[in-house]
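**Q** There's a structure below that I have some questions on.
There are 2 protein chains.
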Amino acid sequence: MNARDFVKRMLVGRKLSSAQLGETLLPKRIALPVFASDALSSVAYAPDEILLTLSLAGMVGFAYSWQIAAAVAVVMFLVVMSYRQTVHAYPSGGGDYEVATVNLGPTWGLVVASALLVDYVLTVAVSVSSGVQNAKAMFPFLQGNEGLVAAVIVVVLMTMNLRGVRESGSFFAIPTYGFMIGVLGMAAWGLFRIFGLGTHLEAPTAQYTVVGSDPYQGLIGLAAVVLMARAFSSGCAALTGVEAISNGVPAFREPKSRNAATTLALLATVAITMFGSIILLANLTGLKLIDPDGGSHFEQAGVPVEIAHETAMGQLARTIFDTFPVGFYFVITMTMVILFLAANTAFNGFPVLGSILARDGFLPKALHTRGDRLAYSNGILMLATAAVGLVLVYNANVTSLIQLYVVGVFVSFTVSQFGMTRHWTRHLKTEKDPKRRAHMQRSRVINTIGLTGTGVVLVIVLASKFIYGAYLAVLAMAVVFVLMRSINRHYQKVAREVAVGPTDARMLPSRVRAVIMVQEVNKPTMRAVNFARATRASSIEAVLVSVDDVETRSIVAEWDAQQLEIPLKVIASPYREVTGPFLNYVKGIRSDNPRDVVCVYIPEYVVGHWWERVLHNQTGFILKARLNFMQGVMVTSVPYQLASSKYALSRAQRNTAAAWRRPGSGQVRMGDSGREPARRE
Amino acid sequence: MNARDFVKRMLVGRKLSSAQLGETLLPKRIALPVFASDALSSVAYAPDEILLTLSLAGMVGFAYSWQIAAAVAVVMFLVVMSYRQTVHAYPSGGGDYEVATVNLGPTWGLVVASALLVDYVLTVAVSVSSGVQNAKAMFPFLQGNEGLVAAVIVVVLMTMNLRGVRESGSFFAIPTYGFMIGVLGMAAWGLFRIFGLGTHLEAPTAQYTVVGSDPYQGLIGLAAVVLMARAFSSGCAALTGVEAISNGVPAFREPKSRNAATTLALLATVAITMFGSIILLANLTGLKLIDPDGGSHFEQAGVPVEIAHETAMGQLARTIFDTFPVGFYFVITMTMVILFLAANTAFNGFPVLGSILARDGFLPKALHTRGDRLAYSNGILMLATAAVGLVLVYNANVTSLIQLYVVGVFVSFTVSQFGMTRHWTRHLKTEKDPKRRAHMQRSRVINTIGLTGTGVVLVIVLASKFIYGAYLAVLAMAVVFVLMRSINRHYQKVAREVAVGPTDARMLPSRVRAVIMVQEVNKPTMRAVNFARATRASSIEAVLVSVDDVETRSIVAEWDAQQLEIPLKVIASPYREVTGPFLNYVKGIRSDNPRDVVCVYIPEYVVGHWWERVLHNQTGFILKARLNFMQGVMVTSVPYQLASSKYALSRAQRNTAAAWRRPGSGQVRMGDSGREPARRE
């Protein structure tokens, strides 16, 4: 391995196709980071959101951070318990979309899919924004340009994904474990310093008092309930990404479902511990956050002060590692990297979901076939464009973006849990084995509790965040939903239209009449002539539309010189038009021989540069487009490769995922279709 | 004729195709307006440019307007005399481009073509700008928005031309004769009032004195020469469009050349008369113009005054028709309309020249075939975009735009006259008849005088205007020249590459192996199968790339149910890619049977709406694009017309020039190619 390869491998990991990823079964220690980076990364911003929402009540608010954190932990517990059931019931890794579609029907499946698609966009926007906010602890000069920096990072992620960089398990493992070690190590060191060494640790904001905003000030009455609900809703961002493991079951080692369930439990434990640690340390160090847009501010000795916003993670790392800067840099770097990694998982998840939706006819079918990179690229571009728009509009403000987030996640949680209860009910109808029945009934109880829990959270989230931005997320989901349903209806309509009837396979045209389009007498035309002759059509003729008398005479002379024994028909075109007269000629053949089929041969230049395309083939393209509308006509392009085409070919090959199997080796035979080709010589 | 048709006919004239225009031979009284609107319209701005350039010398300058006008008239006489020779020598109407190409070679032809293309853009910009400036006499509220208004008018002209509105002779006749009657009538009425009735007529600006700008003030020394040269150069704008008649000879009635020559003389007489009248009336009524950008301004009793700019035409019409407002409105309206008409002729001329250049391989070949509207549309769009850019950048300021103008015209005049002298010299070498020799020698003398005259003017124009804007025109011509030469070199390179060799017509592939691309079992696929079977290839097989096991099994089952006796090969694609495995399969066939040709049949949906294109055929398109790079492979699209395709068809038909002949009727046979089709049944 040379130095460059080594650096590359360090930076982007070993190149591993998704198929290989599926084949290489993951041990739990690798599966956890692969599927948990998204869920764990939210620990970097969820505590902040709780604290700064509570700041609206002033100093009294922070006292409740414990309760909110506990509530979030309870929801986390419920969700993980529920997904452990899903993991057992759907080892195929279909995810919420499959659960909803199978158990509740395609409409509910589409609801989940719309929610997930919107949430992928928000995952990118929120994760990258939070990464940039945390990076400010190390790079203060980012202050003021957060939106732009976040947009650049989204574009970098997009470019990596467009270029087809795929991560290996260890690529995920390093920063995920790094993040875990960093945060838990920081917590342990902090607690040891406070309780073991008795050091008095004070966060940079400990010296200030926080003045809240009017309606919430003092946290009394209805306002208290509303504020608690808002803090809780924002804290629930910690749950995003938990569902990832249930999608990844097939990648686990045997026993897949059990290992996945264990990993889920592990994830929940780690996430709750990290989450709790940060809240605990924030309380111990007197850390405070404010929400300037919401109306809270810092005061010192009764005088309002303005200081640059620093995340809880940044403040804690600065405080706890005040004597050990390496620790500070490690924690902040790992936080940043895991957040960008979480955004990157959306770049993988979005096209995968798109592919499944395409398979089911809710998105353009081309998205289903992977290799044609174009399709995936479109998904990646769409995701990146939407995310860049969001981070620019919201200037990478996590607090604003979080108002749109979480709705989608809980829509999909709730619908999925509802689907799971139906699943168990359905299976209980046929299951006789009392032991398995008991198991199923237990699972149904857990999923019902999960459904109730996530449903309640969804209502709280919607109610407390609707006017702050959640309505936009709901609107986006509705638009995506309507769009996908329209696409599906179109496909269904077309499918009905093209369904094979009893006679379709028997409608053999009696003869094929070949018509060669001639514009010049040159190698491409000769190739078209030779190919047309090789097909042994019942009649062959060459047709030239004359737009210029002098030119026509010279072409006719050259044609005759070739002694091809194929007549060259010259069609006069007083308007110097090619398409019209040619189409009419073909139409004439068709109406004279209604039971025959006409095959039009068009010589085509294959060129290497985009500008060459402007210079060649235009007439052929227009003609083809119009011939397509004619019944009983097929169009054969006979390509002629110009020398310059090799540039385009090498470009195209570079852009296609490199490895596919040698011809034949990947060929399998199914059914009884493998008959010998019907030779007709 | 109903009311709507009547209004339309009044507005746009009877629809007349260009071919009909050619067939309907024009009497001189119609030919004059058809070909002279451009040349005559310049009378609306050329006198203004002389006057306002002279204003830089202060009051003393205007006294020289007579001399300048006389010089312009002399050049007009020379140019018209010269073109009368061209009209006789080139009755085919090839124009300056043909004269230069034939006599001086393609490089000089290309110089002329570049000059003309750039000048078409300037004709649109200058004419429309002048139209707007003149319109201000009627609509003072246009003041301040000239650039925008001019841009809108260019867009309107563009739209009319994109929609294929073509003018009949009478459409030109009404405003052209209206303009002539208006201006000459105004002149007659004005002279009659001044000399016949003794009325004292004073232009609105007569009361002011003009203070010139420093170097030219008082018109002394070298500055006087420079200023005279500049005024003369701007006045030469009156000559633009004179060459139009020499392009239009074939449209004249017999004797074509003679009638065209007479019309040229007529045009010159009318133009010089109108031009002279305006200068005369301006002198008689004390009309003054200033060039604020150049540095001259109005004063009244020693105090500088600022008044809104009004064109000479506007001021004269206001003064002479002060008691007869109908006359005022008539003259201004006709001036406006003829200027827009002149701009419109560029919209016709630009694509025609483009078509000729395309025929000769200097522009994309597709521009040569007319009917495919796309090609013409591109030319129209390019012209309009460039003109809109100019009027916006220069805010429809005629004085600024005129600095760029005229250069191109005189480049083409000069090169063309040079070509004509060569033409006569060449013909004199072979001509024996003394009478015709005398005639030719006389023509050569005239063209030599013309060459000298236009050459001197070109030098004066270049020298006096270069730093004021002409350098931009020269730069644009250079860019266009280089671009066209590059295109030509590309075509020549390709032509060498594809020239037919001795064996090309004999390289018959031994067999055709048909491969049908299957993605679903439906009507389009069945049609592809039936068409492929009808071609009686030596082997037929259907190929399905399996991206989804479940789906594949169901497709195989449906296939078998059709009992087609064609094997369905299933190619495994572990990467869910279609293109790669399919290409490899075809490559395998090719390398196993190098002397055969593979014909890939791709079923294609023909759809009606653009968004349906996103939903269908993507895989087929990508596959086709890649198959094109393979030697010995042809691709046959088998279109299946969905019900929605009829919308697209009717749209396409609406967009194509309506009339072409019935099949067969336009078919002529040339040479000995009309052999019977080689039937092979």
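Chains D and R, in that order, are what the protein sequence lines are.
When you read off a place in the first sequence, starting at 1, and then add 1, the result is the number in this note's numbering.
When you read off a place in the second sequence, starting at 1, and then add 1, the result is the number in this note's numbering.
Ideal Cβ placement from N, Cα and C applies to all residues, glycine included.
Going along chain R, which residues have a C-beta under 8 Å from D:Arg490?
**A** Neighbours of D:Arg490 on chain R: none; closest Cβ ~11 Å, over 8 Å.
**Q** Buried or exposed: where does D:Gly222 fall if 16 or more other Cβ atoms within 10 Å of its Cβ makes it buried?
**A** exposed
**Q** So, is the C-beta of R:Thr637 closer than 8 Å to a C-beta in chain D?
**A** Residue contact with chain D for R:Thr637: present (Cβ-Cβ distance below 8 Å to some residue of chain D).
**Q** Is there a Cβ of chain D sitting closer than 8 Å to that of R:Asn531, yes or no?
**A** yes
**Q** Beta carbons nearer than 9 Å to chain R: which residues of the stretch 594–605 of chain D have them?
**A** Asp597, Val598, Cys600, Tyr602, Glu605
**Q** What in chain R is Cβ-close to D:Val513, meaning under 9 Å?
**A** Near D:Val513 (Cβ distances below 9 Å), the residues of chain R are Phe532, Ala535, Thr536, Arg537.
**Q** Can you name, in chain order, every residue of its own chain whose Cβ lies under 8 Å from the Cβ of D:Asn135, other than the five neighbours on each side?
**A** Ala45, Thr312, Met314, Gly315, Ile333, Thr336, Met337, Leu340
**Q** Contact criterion: CB-CB distance below 8 Å. Does D:Gln563 meet it with respect to chain R?
**A** yes
**Q** Contact criterion: CB-CB distance below 8 Å. Does D:Phe253 meet it with respect to chain R?
**A** no
**Q** For the stretch 316–372 of chain D, which segments carrying the alpha helix (DSSP H) assignment without a break, of at least 4 residues, lie completely within its bounds, in sequence order?
**A** 326–360
**Q** Comparing C-alpha positions only, which one of R:Leu288, R:Leu27, R:Val150, R:Leu41 sits nearest to R:Pro251?
**A** R:Leu27
**Q** For R:Arg254, does the three-state DSSP call read helix, strand or coil?
**A** coil
**Q** Would you check if there are 3 or more beta carbon pairs closer than 8 Å linking the stretch 64–77 of chain R to the stretch 256–276 of chain R?
**A** yes
**Q** Just curious, the alpha helix (DSSP H) that D:Pro205 is in, first and last residue?
**A** Premise fails: D:Pro205 is in no alpha helix (DSSP H) and is neither H nor E.
**Q** For D:Ile381 versus D:Ser56, is the C-beta spacing smaller than 8 Å?
**A** no
**Q** Do we get a CB-CB distance below 8 Å when we pair D:Leu360 with the residues of chain R?
**A** Reading off the sequence shown, one finds Arg at residue 360 of chain D, where the question assumed Leu. Yes, D:Arg360 counts as interfacial toward chain R.
**Q** Does D:Glu99 get closer than 8 Å to chain R when you measure Cβ to Cβ?
**A** Between D:Glu99 and chain R, the shortest Cβ-Cβ separation is not below 8 Å.
**Q** Taking the Cβ atom as the reference point for each residue, do R:Gly242 and R:Ala343 lie within a distance shorter than 8 Å?
**A** yes
**Q** Give me the chain D residues within the contact set of R:Pro365, using Cβ-Cβ distance strictly less than 9 Å, ordered along the chain.
**A** Val615, Leu616, His617, Gln619
**Q** Decide if R:Lys434 is buried, meaning its Cβ has at least 16 other Cβ atoms within 10 Å, or exposed.
**A** According to the sequence as given, residue 434 of chain R is Asp; it is not Lys. The residue is exposed, with fewer than 16 neighbouring Cβ atoms inside 10 Å.
**Q** Please report the distance separating the alpha-carbon of R:Met181 from that of R:Phe329.
**A** 14 Å
**Q** For D:Ala283, tell me which candidate among D:Ala47, D:Ser638, D:Thr553, D:Val548 has the shortest Cα-Cα distance.
**A** Nearest to D:Ala283 by alpha-carbon distance, out of D:Ala47, D:Ser638, D:Thr553, D:Val548, is D:Ala47.
**Q** Got a sec: is the Cβ-Cβ distance from D:Ala500 to anything in chain R below 8 Å?
**A** yes
**Q** Is the beta carbon of R:Ser43 closer than 8 Å to that of R:Thr346?
**A** Contact flag unset, no.
**Q** Count the other C-beta atoms from every protein chain shown that fall within 10 angstroms of the C-beta of R:Asp648, then say buried if there are 16 or more, exposed otherwise.
**A** Inspection of the sequence shows that residue 648 of chain R is occupied by Tyr rather than by Asp. By the Cβ neighbour-count rule, R:Tyr648 is exposed, with fewer than 16 other Cβ atoms within 10 Å of its own.
**Q** From R:Gly94 to R:Tyr121, what distance separates their C-alpha atoms?
**A** 18 Å
**Q** Specify the secondary structure class of R:His298 as computed by DSSP and reduced to three states.
**A** Correct three-state label for R:His298: strand.
**Q** Could you tell me which of R:Ser592, R:Ser645, R:Met229 sits nearest to R:Ala70, measuring between CA atoms?
**A** R:Met229
**Q** When the Cα atoms are used, what is the spatial distance from D:Gly179 to R:Pro525?
**A** 55 Å
**Q** Take the Cβ of R:Gln493 as the centre, count every other Cβ of all protein chains shown within 10 Å, and call the residue buried at 16 or more, exposed below.
**A** exposed
**Q** At what residues does the alpha helix (DSSP H) containing D:Tyr492 begin and finish?
**A** Looking at the DSSP string, the run of the alpha helix (DSSP H) that includes D:Tyr492 is 471–499.
**Q** Determine the extent of the alpha helix (DSSP H) in which R:Ser56 is found, giving its start and end residues.
**A** Premise fails: R:Ser56 is in no alpha helix (DSSP H) and is neither H nor E.
**Q** Could you spell out where the beta strand (DSSP E) holding R:Met635 opens and where it closes?
**A** Following the DSSP letters along the chain, one finds R:Met635 inside the beta strand (DSSP E) bounded by residues 634–642.
**Q** Which one of D:Ile195, D:Leu123, D:Met485, D:Val212 has the shortest CA to CA distance from D:Pro107?
**A** D:Met485
**Q** Would you call the stretch 146–158 of chain D and the stretch 385–394 of chain D in contact, with 3 or more CB pairs under 8 Å?
**A** They touch, by the three-pair rule.
**Q** Locate the beta strand (DSSP E) running through D:Arg514, then write down its first and last residues.
**A** Counting along the chain, the beta strand (DSSP E) containing D:Arg514 begins and ends at 513–519.
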